[in-house]
Each structure stands twice: as structure tokens, then as C-alpha cells.
Amino acid sequence: MIRIAGLTKRYGQLTALDDLSLEVPRGTLFGFLGPNGAGKTTTIKLITGLLRPTAGDAFIGPHSIQSQPLEAKALFGYVADVPFLYDKLTAREFLEFMGALYRVPEAAARARADKLLKLLELDGAADALIEAYSHGMRQKTALAGALLHDPPVLILDEPTSGLDPASSRRIKQLLRGLVARGRTVFFSTQVLEVAEKLCDRIAILDHGKLVAHGTLDELRAAAPGARSLEEAFVALTRGGEDRIIEEFLEETVEPLDLGALDPLP
Amino acid sequence: MTTPRLIAWRLRLALAGLRGKGGRRRVFQILVTTWVAAMFLLGSSLWFRTVAREPELSAFAPVAVFGALHAAFLLSLFRDMGAAIGHLFLAPDVPLLLSMPLRARPLVLLRALEAVSDAFSFPATLLVPILWGYGIAVDAPWIYYLAVPAAMLCLLCLTVGLGFLVALALAPVVPVGRVRSWIRGISAAIYLSIWMGLAWWNITGARHPESPPTGLGRVTEVWAAHGPIAWTPSAWAARLLLELADRQTIAAPLLVLAGMIVMVAALLALAAARYPESWQKAQELARKAIERRAPPRPAREATGARPHPPPGARPTRRFGAGLALGLAFLRRDRRLIARDTALMWDMALLVFMSTVLPLLAAPALARHVSWIVLPALLFFATELGFDLASRALPLERRALPWVLRAPIAPIALCAARMASVWMLGAPLVAGLAVLATLAVGADGVAALVTAACGLGVFTALVPIGFAAGAFFGQPDWRHPRQMLNLGGRMLLAALLVVMSVAIAITYAERGGRLEDARALLAAWSVPAALAVLLLDGFAIWATATRLRRFQWLN
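Chains W and R are the protein sequences, given in the same order.
One point on numbering: in the working numbering, the residue at position 90 of the first sequence is 89, and numbering is uninterrupted.
In the working numbering, each residue's number is its place in the second sequence (first place is 1) plus 2.
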């Protein structure tokens, strides 16, 4: 459903993404992992057409995001890492606006918006201005906006960041349910537990390069000795991490004499 | 989504701005704007009527109409280029809209309409009432009053259209932030040249119409009559309005203006198709600029030597210790201001524009030459002191908690911030005072007295501005002008009015004799210094209390 073919992005000397090729089949929940600055958000921006690749292309369904951007964009819903919402609209009005942008018939958009608001526990605040929302409520509103036109593909950049455990669980269940009904979800996250429990396939990116991808078992096999995704992730992206921490503690942190602590003057 | 629905949604969003947080303030702003427009209408109709009655001056009325439209067009041209960059490339909802299946041309049209409606607030408040005042004075037909806003809209369509064309052409080639700062620089330069022109006009007495213009004045006159200025859109708009007011046929200017708009619209329609690509390229350029500025990453290698343990954090609660922190804030502020050219230009502009009023009044004060410098300097010191100090806290934006989390007591923090502001602005005031006084031929003593007066006013305004920043500051500003809310700006306006009245009363009482004023200053210097100290203490206490409550960040 999503095909990434040799996607490369360079900024002068810096290569943010280096010849990435991936396929995400229909009905897959695909986790995209990587340390900070690995190129996850750049990849998502390239797939959604917000950035132009230096080389390669991305396809949503049969449509190239480069040559048929409107057709490709109609097939996905997208939630950015810091989603923009209009502060002076209510969540209900925002969803109405999203429905209009995607040409969802008005009555259908209204009915679906009501259901999404209820599902994401926003129905109590649906008519309050977004400026009064917490971070989690904003995140959920953005997700509702991306789901409003029932897209076959969902592209989510850190969708569970800032959510309380109950909301996070609900969204995870929702994503699984969508995938079970043939939708494709491509999402980036820093929370390895989420990826471990949720994803059918996982890709790990580091310094703009794809270092591993496959099922959880395949990733563990790629990092010998790794028992969990976290261990596999660290082994594949940051060798020698423990030694660096030990060196820092040894060189810079003196053992603390609790008796020598004075109260503030 | 169809274009009309998109536009209808944008209108709905604009109206939604009147709701919720800040909504009442916007309604109040609209009321204040209406009041200001009414005052301009009253003032201009009286002025034009007076000018029209005097046979010697009646020729100046149409010249004033031409001048007002030329100035508005020139200023709008550069301001709208900056606005175009903002609307097309920096608005926060651009990624949202571009990730949707929307065609480029309706999006650009939507952005252009937003830009025109934003830009219209300036002429709606100032220029339309002025031109209506002309209509009232010359007894223009009713259609003239409809034609004035229409003509303004035509001019704005042209400036916005040209701004969009320039933005679409430049953004893929030059980082948009840099283009914006160039445009701000050019706008500020235009404002400053108008300021200098006004100063020259008034101080040299060049405004007297009986003497024929020479040099640059002559060139301007010839250009305005027959040269390129006569072919500018503002000249055609002025012709249209004057001929309409005079009940003549307006076919020629109407056709020329319509032709210009059609041409710009056609060019924009061609350029708009490539908007998404331009946006993508602009993103790349911005990222490249950041990469270039970033220092090279240090290699990860352990050194054999055991480093000295860093000193522990020391809590600072005392007022005096806070003053020592002032230097640290000064260094950081200088970096922040120097790296944000938008902020620097905005402040320079506000500060210099504040001296326009006293310079306009210069001929009346010209009995003693120092009286021309002193009022302008006092306004300069007031505006600079208030502006620098009131922006000290909003400058931190959302990073203020970082400062508040440090082991510094709020009282020490306030003292440090005020000290840093004083150190930043005082050399400017003193330097300008000495330069300006010596430039008008006064002696060294006069220069010192002027500098002392300027510094005194500046010192008094720092605590007032600082407290105003804590109470009226807006940490979520995007444009430097938004760092203070309406209340803060009204406070400054009130201070400037008080200062104008004080200067006028002092001048009337002393009859323009500076020697008397010097004696007065000497007598009042000690009580004034004590009052400033008290004011400092009060401002620090009030601001520290405010910061302790943390309400300002809510």
C-alpha cells in the first residue's frame, strides 16, 4: 500500500535520508523507529509530499506522491509530530473543516465526527475552543481529523506522545482494529514497548540509513543475543552505550557525602 | 474542496478569532480603530476645508492626496512582500493544507485574500478617512465615498499580488527568513528616510511653499509630474479619485488600474501552480541554513585526563547578587536581538518614529536650537526605555521557566534583567544626545545637560516598561509587535501623551529659555533620582510578585 523506492534526501553536505527502500503491504501496522535525528520525520514528510526528495519516490497505493500528489494525498490521513490545530475553532468545527477539505458529504462528516469525538473521549469538550485543550486532547483531535475521511492509509508521527495510559491504549486498540479491517498504518514512535506490542513489521533507521526491518523475531535475529526490541534497537543503533555511561560516571560524578549537604543560606 | 467553500471557511476562521481567549481584546481593538478612524476623518476634513478656503494653499489639497497614496503604496509594497512570505511559507497551517488533496491555485488565492484583508486594516484606519475628509471638503459626489475603499483595495491587490510574485520567485532560491529580514530592513529604511525627510522639511523650513524647490526637491517635482512616478498605480488611483471628486470622467485611470490588476493576476496564476514545489524548496533551504550554522559535532572520544568537577549551582537570593547576573543577561540579550533582525528593525523603527511628533513641532520650538533636540531625545529615551524593558520578559518566550527554574530568587532575577536593559540602552541614549546636540551647533555643556535629561527619562522608563512587560507581555508572540498586548501599548501611548503635555507646559512657562530649564533641572535632579529609585524598587517588587504567582505564563 505504501512503497518507498530509493528515497534520498540531502541538505548540502548532510544526508538526512540515504536510499531508503521499503514496502508496507495493505493491512499492516508498520512501526518506524530510530534514535533522535535518524530521519524518521524527514521520511514521513517525504512520503506525505511535504518535502521533495533528492532522489527516489514514494507511492501511496498506485500513485506517486511526486507526479500525482492530489491522488496520493486523497488516500492517506496524516498526523504531524506537532500537529497544527486552529485554536479558535472547536474540535467539532475542526472536524467539519477537515470533512470539507476532503470533500466528505456534510451529513456523513457530521455523523462520523460525532462518533470519533465519542470514541476519543472528546465529546464533553467538543464544543470548547481548541485553545483550552491539553496536549493530549489536541493530539486526539488531530487523530480524529486524520480519520474523518476514513483513509485507506494512516501516516502518524509519534501518535501516542503525551497521551495518558487509557487514551494511549484506546488508540492502540483503534489502530489494530483499523488494520484488521484492511487499513494500513505507518507510524513513527520512540516508545519501543508500543512498537513491540502493536506492530506487524518494524523498520529501524539510524543516521538516515535503514539498519534493519522485518517482524519482531527477524529484528531479534538480526541483533544476536537481543531478547527484547529495546536490546535489538540499542545493539543495532548504538553499540557500546553502556561503556560510555560508565566512563561518564567514573570521570565526572563524585560519590555524594550526604552529611556534607548544607541547607540553603 | 471548492474554492468558494475554502474561502467561506477562511472567513469563518477569521470570525472565530473574536471568540475565547483574547476575543474581547480584539473587539476592543476594533472599537479603538473605529474611534481613531473617526478622529482622522474629522481632522482631515477640517484640514482640507481650511486648505481649500485659502487661495494660496488650495493647490496643496490634491498634492496631499497624491502624497498620501504614494506613501501608502510604497509602504504597502514592501510590507506586503513580507506578509506574502508569511502567508505562503511561514503560516503554521501551511503543512496541514499542503498535506491535503487541494490544488495550488485556490490555495494561493486563499492566501492572497487573507493578505489583502490583513493589509486593509492600515488604510481602513488612516487613509480612507483622510481621503473621505478630502471628499467632504470639496463636496464630492456619493460615488466618491465608495470609490475610496475600492481604490485602496485595488492598490492592495497590486501590492499583495506583486508581493506574492516576489515571494514565489525568491523562496526557492533564498531562505525565506533572510528574505523577510531584507524586506523588514528595506521597510525600516523607507520609514527612516521619511523620518529624515520630515526632520529636514521642518528644521530647514523647506515646507514654506513660497520658495521654489531646488536640487532633490526639483527632481521629485519633475518625476511626479511627468516621470516614472506619474505612471505608478498610486498616481493613477489618485487621478481616479480626484477626477471623481471633480465630477469628471474616470475612464482612463479606471482602465489603467484594471489593466494593471489583470496583468498581476495573470502572472500570479502562472506562478501559483508551482507553489507546493516552492514550499518544498523553501523548506530545504531553511534546513540547509540551519545545518550551515550548526557547529561541527565533536568526536566521541574519551580523554585520559580526569576533568575538574564542575562547580555546583549556587543559589542567588540577594538583590545585589542579581545585579551581577545582569551582565550574563546582557550578553544573551545582545545575541538574541542581533540574531533576530526582525526584532531589531522593529524596535529601531518604533523608537525613531516616536521622534516624528516632536520633529514636526520643531518650527514652533525653534526659538532655541537645543529645544529641537531635547523633545525628540526625550521621546526617543521614553520609547527606547519602555520598549527595551517591556520586551525583556516576553523576549524569553516560553523559555522563561528555564530561567525561573534556576536557583535565582525572582527579586534577583528582576534586578538582573533591569540592569541588563539599562546597560543595553543607556549608551545609545547618551551617544545620540551628545551627537545630536553637537550636530545642531550647541556647546559641550548643552550636550551634557541633554544627555543627562535623556538618561534620566530612560532610567525612569526602564522600571515602568519592565513591570508593563510582566503584566501585559505575551510569551506566545510571533511578530515582535505582538510582544505586548493592547494594554501595554496603551500605557506607552499614555506616557507619551503625558510627556508631550509636560514639554508643552514647560516650554510655555519658560518661554523657550533653556537656561531657566537648566536651573529647573538642577533643582529637581535629587528628588527625581530618589523618585526613580523608588520606582525601581516598586517595579521589582511588583514584577517579582507576578513571577512568583506564575500567572504571566498561563
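We treat Cβ as the ideally placed atom computed from N, Cα and C, and that holds for glycine.
Since this is a predicted model, take the numbers as computed values, not measurements.
{"Item": "E192/W to Y77/W, Cα distance in whole Å?", "Value": "22 Å"}
{"Item": "Count the other CB atoms, across all protein chains shown, that sit within 10 Å of the CB of A307/R; report buried if there are 16 or more and exposed otherwise.", "Value": "No answer about A307/R holds up, because its pLDDT of 43 lies below 50 and its placement is not dependable."}
{"Item": "Take L20/R and list the residues in its own chain whose beta-carbon comes closer than 7 Å to its own, dropping the five residues that flank it on each side.", "Value": "R28 and V29"}
{"Item": "Distance check for F540/R and L390/R, CA to CA, integer angstroms please.", "Value": "18 Å"}
{"Item": "Going along chain W, which residues have a C-beta under 9 Å from T109/R?", "Value": "First, the amino acid is wrong: residue 109/R is Leu here, not Thr. Near L109/R there are no residues of chain W at all, since even the closest Cβ is about 11 Å away, more than 9 Å."}
{"Item": "Report the partner residues of H481/R according to the DSSP bridge assignment.", "Value": "Per DSSP, none; premise fails for H481/R."}
{"Item": "Determine whether the Cβ of R7/R lies closer than 8 Å to any Cβ atom of chain W.", "Value": "yes"}
{"Item": "Measure how close the beta-carbons of R419/R and A383/R come, nearest whole angstrom, since I'm counting them as under 8 Å.", "Value": "Not really, about 19 Å apart at Cβ, beyond 8 Å."}
{"Item": "Within 10 Å of its beta-carbon, does E95/W have 16 or more other beta-carbons around it, so buried, or fewer, so exposed?", "Value": "buried"}
{"Item": "Can you round the beta-carbon distance between R113/R and H89/R to whole angstroms, since I take them to be within the 8 Å contact cut?", "Value": "4 Å"}
{"Item": "Report the option in A173/R, W281/R and L13/R whose CA atom is closest to the CA atom of L115/R.", "Value": "L13/R"}
{"Item": "Report the three-state DSSP secondary structure of R51/R (helix, strand or coil).", "Value": "helix"}
{"Item": "Of the residues E279/R, T508/R and R51/R, which one's Cα is nearest the Cα of P174/R?", "Value": "E279/R"}
{"Item": "Is the beta carbon of V55/W less than 8 Å from the beta carbon of I203/W?", "Value": "It is Gly, not Val, that sits at residue 55/W in the sequence shown. Not in contact: G55/W and I203/W (Cβ atoms no closer than 8 Å)."}
{"Item": "Ignore the nearest five residues each way along the sequence and tell me which others in L119/W's own chain have a CB closer than 6 Å to its CB.", "Value": "K139 and A143"}
{"Item": "Under the rule that 16 or more other beta-carbon atoms within 10 Å means buried, what is R91/W, buried or exposed?", "Value": "buried"}
{"Item": "Among Y193/R, A126/R and P97/R, whose alpha-carbon lies nearest the alpha-carbon of L49/W?", "Value": "P97/R"}
{"Item": "Please work out which residues of its chain come closer than 8 Å, Cβ to Cβ, to W559/R, disregarding the five sequence neighbours upstream and downstream, and give them in chain order.", "Value": "In this structure chain R extends from 3 to 556, so residue 559/R is not present and cannot be described."}
{"Item": "Is L242/R closer than 8 Å to D153/R when the C-beta atoms are compared?", "Value": "In the sequence under discussion, the amino acid at residue 153/R is Ala, which differs from the Asp named in the question. Cβ atoms of A153/R and L242/R: closer than 8 Å."}
{"Item": "Cα-Cα, which of R186/R, I231/R, A66/R and R249/R is closest to Y146/R?", "Value": "R249/R"}
{"Item": "Of all the options A417/R, R105/R, V266/R and S78/R, which has the alpha carbon lying nearest to the alpha carbon of Y193/R?", "Value": "S78/R"}
{"Item": "What does the Cβ neighbour count give for H148/W, buried or exposed, with the cut at 16 atoms within 10 Å?", "Value": "buried"}
{"Item": "Within a Cβ cutoff of 7 Å, which residues of the same chain sit near V38/R, ignoring the five residues on either side of it in sequence?", "Value": "T127"}
{"Item": "So which residues of chain R does K72/W contact, with C-beta pairs closer than 7 Å?", "Value": "S101, M102 and P103"}
{"Item": "Buried or exposed for V499/R, going by 16 or more other Cβ atoms inside 10 Å?", "Value": "exposed"}
{"Item": "Whose C-beta lies closer than 8 Å to the C-beta of W347/R among residues of the same chain, with five residues either side of it excluded?", "Value": "S183, R186, G187, S189 and A190"}
{"Item": "Mapping DSSP to helix, strand and coil, what is G327/W?", "Value": "Limits of chain W in this structure are 0 at one end and 264 at the other, which puts residue 327/W out of reach."}
{"Item": "Do A240/R and I71/R come within 8 Å of each other at the CB atom, strictly closer than that value?", "Value": "Reading the sequence as shown, one finds Leu at residue 71/R and not Ile. Contact: yes."}
{"Item": "With 8 Å set as the bound, which would you pick, yes or no: does the beta-carbon of K87/W sit closer than that to a beta-carbon of chain R?", "Value": "yes"}
{"Item": "Give the straight-line distance between the Cα atoms of D256/W and L248/W, rounded to the nearest whole angstrom.", "Value": "16 Å"}
{"Item": "Can D86/W and T40/W be called in contact, C-beta distance under 8 Å?", "Value": "no"}
{"Item": "Between the beta-carbon of P103/R and the beta-carbon of A73/W, is there less than 8 Å?", "Value": "yes"}
{"Item": "Hey, is the stretch 249-265 of chain R in contact with the stretch 54-64 of chain R, meaning 3+ C-beta pairs nearer than 8 Å?", "Value": "no"}
{"Item": "Assuming L43/R and G163/R are in contact, meaning their beta carbons sit under 8 Å apart, how far apart are those beta carbons, in whole angstroms?", "Value": "Contact doesn't hold; Cβ gap of about 29 Å is too wide."}
{"Item": "Determine, for L332/R, whether the minimum Cβ-Cβ distance to residues of chain W falls below 8 Å.", "Value": "no"}
{"Item": "If we define contact as Cβ-Cβ less than 8 Å, is E116/R a contact residue for chain W?", "Value": "no"}
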